[in-house]
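Scroll down for the structure; my scribbles are underneath it.
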Amino acid sequence: MNTSRLTRMILVLALAASGAAQAADDSASDSDKIEAYREMISDGNPAEFDEMRGEELWKKPAGPKNASLEKCDLGKGAGVVKGAYASLPRYFKDTKKVQDLESRLLTCMTTLQGIPEADITAKPFASDKKPSDISSLATYVVGQSKGIKMTVSTKHPKEKEAYEIGKRIFNYRAGPYDFACSTCHATSDVRIRMQDLPNFNVKADAQSAYSSWPAYRVSQGLTRSFQWRLNDCFRQQRFPEPKFASEATVALTMYLAVSANGADYAGPGLKR
Amino acid sequence: MNAKQLFGIAVSVCLASVTFSAQAGSKDDKKLDAKTTEIIKRDFRDKGIAKADRVNQDELQAACSKYLDDVPDKLKGKLEAAQAKEIKWPADGKYMGDWKAGEKLAQSGRGMTWSDKPEDTPGGNCYNCHRLSAKEIAYGTIGPSLLNYGKKRGTKEEVQRSVYGHIYNAKAYNACANMPRFGHMGILTEAQIKDLVALLLDPESPVNPKDASAAAK
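Taken in order, these protein sequences are the chains called A and B.
Residue numbers -2 to 269, in my numbering, belong to the letters of the first sequence in order.
Residue numbers 140 to 356, in my numbering, belong to the letters of the second sequence in order.
This is the structure in structure tokens:
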């Protein structure tokens, strides 16, 4: 990214921030506003900063073993990043598990670099105060699948099982509000306040929603990973917290990813 | 072995596998259901006020999940009756409170998440899913519009009682409704539910606007 592009991106961000306040009593839906914002910055998404940070982390030796992640196998062979995200989650022979991107990165960081798992999972999401390495790594990896068709497999019995379990989690109603994912995401053309909601039972909706995450959240000024997306859905669902990179989150991701198969992956995206 | 014999074997193998997979289907489903429950119970943890045991389903939640919110009629009736029995009606026999307090409550989408504090009072979350006051344009559409709700129905006691019951426990009327059970689950107090009944029914409430143009919407 060159300096003039960087300056323009910062200018656009400042404009968007001031516009957001004025827009409070505007009747346009959030998605319309975001669409306009997307056009404004079509040649640059602030998520690119996080992609660059992730790329550096990928290549730089780190951890007790002082190793880079360049031998990490994301499913396309050791060190292959290009197109890897478009086929995740998938079954990995070495761990005998179906893994999404973040749980796979966790495996690589612990095995190749020797970083204790608890050090990574204690704060797996970025905050205003501190970026998250695993999250930046994820942003880098997904960026290398931009424009690649999503082909997530359910051929392996464990992949099929993860899909089936994910579907059940999607429809699992519980908690003080009786909410499941499906309460808000199984009907077309509905919204919460002004926020449009994708219907995951409809292919086109599932594709555009899934393929635009991870994403830079304008309201938070942070690039958010897919594990974060699920985490915050469960918060609003009034559920307890899903453990980071747990089997439940991977299975749900599997269900959503397969629902989005055939889409051209378009992330990292840009959201309200 | 001739071609005919081979064909015969192939057909019987196919038939056998069809029968097998049909039986295995339901067995597999049960196994998957059990595994899902096991995973959910293991993979969620306490955070703030949201304790891990929130994933444990009651009878109604389990049935609605199993049947994807489309439970068979007989079971639906049974579930609704069980929910209706649990409604605590106001002891003073009054159902309407203050619509102004109700409007404030309807606006608030807070409450019960792990980022809410124990001392935070949950809101009604009404505008998240419903249109109510004609003046509020940032309303959700998961639930039906309630604009002019009282105008259409009046304030007869049976209407008030029905609205109170719906807010207290929507599932007593429709087992797998999307709407939370605000009284049943202890989200809102009796007084708060009365305020919401007033918001919907009071002729002075902005839900029932007097000017014809808003009313026509």
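Built from N, CA and C at the ideal position, the CB exists for glycine as well.
1) Whole-angstrom Cβ separation of Arg221(A) and Arg214(A), contact assumed at under 8 Å?
2) Measure the C-alpha to C-alpha separation of Lys174(B) and Trp253(B) and round it to an integer number of angstroms.
3) Short of 7 Å in beta carbon distance, which residues of its chain neighbour Gly289(B), apart from the five on each side in sequence? Order them along the chain.
4) Helix or strand or just coil, what does DSSP make of Asp229(A)?
5) Is Pro261(B) buried or exposed, if buried means 16 or more other CB atoms sit within 10 Å of its CB?
6) Leaving out five residues on either side along the sequence, give the residues of the same chain with a beta carbon under 8 Å from the beta carbon of Ala115(A).
7) Just tell me which of Ser84(A), Gln234(A), Thr107(A), Val255(A) has its CA closest to the CA of Gln204(A).
8) What is the residue span of the beta strand (DSSP E) that Ala212(A) lies within?
9) Hey, is the segment 159 to 175 of chain A in contact with the segment 194 to 202 of chain B, meaning 3+ C-beta pairs nearer than 8 Å?
10) Please classify Met251(A) as buried or exposed, where buried requires at least 16 other C-beta atoms within 10 Å of its C-beta.
11) According to DSSP, simplified to helix, strand and coil, what is Ala330(B)?
12) For Ala161(B), is the classification buried or exposed, using 16 other Cβ atoms within 10 angstroms of its Cβ as the cut-off for buried?
13) Please confirm if the segment 57 to 68 of chain A is in contact with the segment 97 to 111 of chain A, defined as three or more CB-CB distances below 8 Å between the two stretches.
14) Run the CB neighbour count on Ile276(B), radius 10 Å, all protein chains shown included, and call it buried at 16 or more, exposed below.
15) Along chain A, in chain order, which residues have C-beta atoms closer than 8 Å to that of Ala221(B)?
16) Counting C-beta neighbours from all protein chains within 10 Å, is the total for Gly357(B) 16 or more, i.e. buried, or is it exposed?
17) By a C-beta neighbour count over all protein chains shown, 10 Å radius and 16 as the cutoff for buried, is Asp334(B) buried or exposed?
18) What does a CB cutoff of less than 6 Å around Gly187(B) pick up in its chain, not counting 5 residues either side in sequence?
19) Contact between the segment 222 to 229 of chain A and the segment 147 to 165 of chain A is defined here as three or more beta-carbon pairs at a separation below 8 Å; is this criterion met?
20) Would Asp261(A) be called buried (16 or more neighbouring beta carbons within 10 Å of its own) or exposed?
21) Is the shortest distance between the beta-carbon of Cys69(A) and the beta-carbons of chain B less than 9 Å?
22) How would you write the range of the beta strand (DSSP E) that Thr184(A) sits in, first residue to last?
23) Just the C-alpha distance for Cys268(B) and Trp238(B), rounded to the nearest angstrom, thanks.
24) Whole alpha helix (DSSP H) runs in the segment 42 to 109 of chain A with 4 or more residues, listed along the chain?
25) Select from the segment 271 to 287 of chain B all residues with a C-beta closer than 8 Å to any C-beta belonging to chain A, and list them in chain order.
26) Please check the pair Ser216(A) and Arg269(A), which I expect to be a contact at CB under 8 Å, by giving their CB distance rounded to whole angstroms.
27) Taking Ser254(B) as the query, report the chain A residues whose CB atoms sit under 8 Å from its CB, ordered along the chain.
28) Under 9 Å, Cβ to Cβ, is there at least one residue of chain B near Pro86(A)?
29) Should Gly144(A) be labelled buried (16 or more other beta-carbon atoms within 10 Å of its own) or exposed?
30) Under three-state DSSP, which class holds Lys268(A)?
31) Quick check on Glu48(A): buried or exposed, where buried means 16 or more other Cβ atoms within 10 Å of its Cβ?
In this structure, then:
1) Taking the first residue of the first sequence as 1, we reach residue 221(A) at position 224. Taking the first residue of the first sequence as 1, we reach residue 214(A) at position 217. Arg221(A) to Arg214(A), Cβ: 5 Å. Contact.
2) In the second sequence, counting from the first residue as 1, residue 174(B) sits at position 35. In the second sequence, counting from the first residue as 1, residue 253(B) sits at position 114. Answer to the nearest angstrom: the Cα atoms are 26 Å apart.
3) By 1-based counting over the second sequence, the position of residue 289(B) is 150. Once the five neighbours on either side are set aside, the close Cβ partners of Gly289(B) are Leu339, Leu340, Asp341, Pro342, Ser344, Val346, Asn347.
4) Stepping through the first sequence from its first residue, residue 229(A) is reached at position 232. Residue state, collapsed to three classes: helix.
5) Sequence index remark: in the second sequence, residue 261(B) carries index 122 (1-based). Its Cβ being crowded by 16 or more others within 10 Å, Pro261(B) is buried.
6) Sequence index remark: in the first sequence, residue 115(A) carries index 118 (1-based). Nothing meets the Cβ criterion.
7) The residue you call residue 204(A) lines up with position 207 of the first sequence. Residue Val255(A) is the option with its Cα nearest to Gln204(A).
8) To locate residue 212(A), count along the first sequence from 1; it is residue 215. Start and end: 212 to 214.
9) yes
10) Residue 251(A) sits at position 254 when you count from the first residue of the first sequence. Buried.
11) As a position in the second sequence, residue 330(B) is number 191, starting the count at 1. In the structure shown, Ala330(B) sits in a helix (DSSP, three-state: H, G or I).
12) Along the second sequence, read from residue 1 onward, the residue named residue 161(B) stands at position 22. With a pLDDT of 42 at Ala161(B), under the threshold of 50, the modelled position of this residue cannot be trusted; read the value that follows with caution. Per the 10 Å Cβ criterion, exposed.
13) Counting Cβ pairs under 8 Å, three or more are found: they touch.
14) As a first step, residue 276(B) must be located in the second sequence, where it is residue number 137. Per the 10 Å Cβ criterion, exposed.
15) Taking the second sequence and counting its residues from 1, one reaches residue 221(B) at position 82. Ordered by position in chain A, no residue passes the 8 Å Cβ test against Ala221(B), which lies about 14 Å from the chain.
16) Nothing in the structure corresponds to residue 357(B), since chain B is present only between 140 and 356.
17) Your numbering for residue 334(B) matches position 195 in the second sequence. Under this definition Asp334(B) is a buried residue.
18) Position 48 of the second sequence, counting from 1, holds the residue named residue 187(B). Counting only residues of its own chain and dropping the five nearest sequence neighbours on each side, Gly187(B) has a CB closer than 6 Å to the CB of Trp253.
19) no
20) For this step, residue 261(A) is matched to residue 264 along the first sequence. Exposed, since its Cβ has fewer than 16 Cβ neighbours within 10 Å.
21) Here the question's residue 69(A) lines up with position 72 in the first sequence. No, Cys69(A) lies away from the interface with chain B (no Cβ there is under 9 Å from its Cβ).
22) Along the first sequence, read from residue 1 onward, the residue named residue 184(A) stands at position 187. No residue range can be given for Thr184(A), since it is assigned to no beta strand (DSSP E) and is classified by DSSP as neither H nor E.
23) Looking up residue 268(B) in the second sequence gives position 129. Looking up residue 238(B) in the second sequence gives position 99. Cα-Cα distance, rounded: 19 Å.
24) 44 to 56, 98 to 108
25) Ile276, Ala277, Tyr278, Gly279, Thr280, Ile281
26) The residue you call residue 216(A) lines up with position 219 of the first sequence. The residue you call residue 269(A) lines up with position 272 of the first sequence. At roughly 6 Å, the Cβ-Cβ gap stays under 8 Å, so Ser216(A) and Arg269(A) are in contact.
27) To locate residue 254(B), count along the second sequence from 1; it is residue 115. Simply Arg232.
28) Taking the first sequence and counting its residues from 1, one reaches residue 86(A) at position 89. Not a single CB atom of chain B sits nearer than 9 Å to the CB of Pro86(A).
29) The count along the first sequence starts at 1 and reaches residue 144(A) at position 147. Exposed is the call here.
30) For this step, residue 268(A) is matched to residue 271 along the first sequence. Strand.
31) Taking the first sequence and counting its residues from 1, one reaches residue 48(A) at position 51. Answer is buried; the Cβ neighbour count reaches 16.
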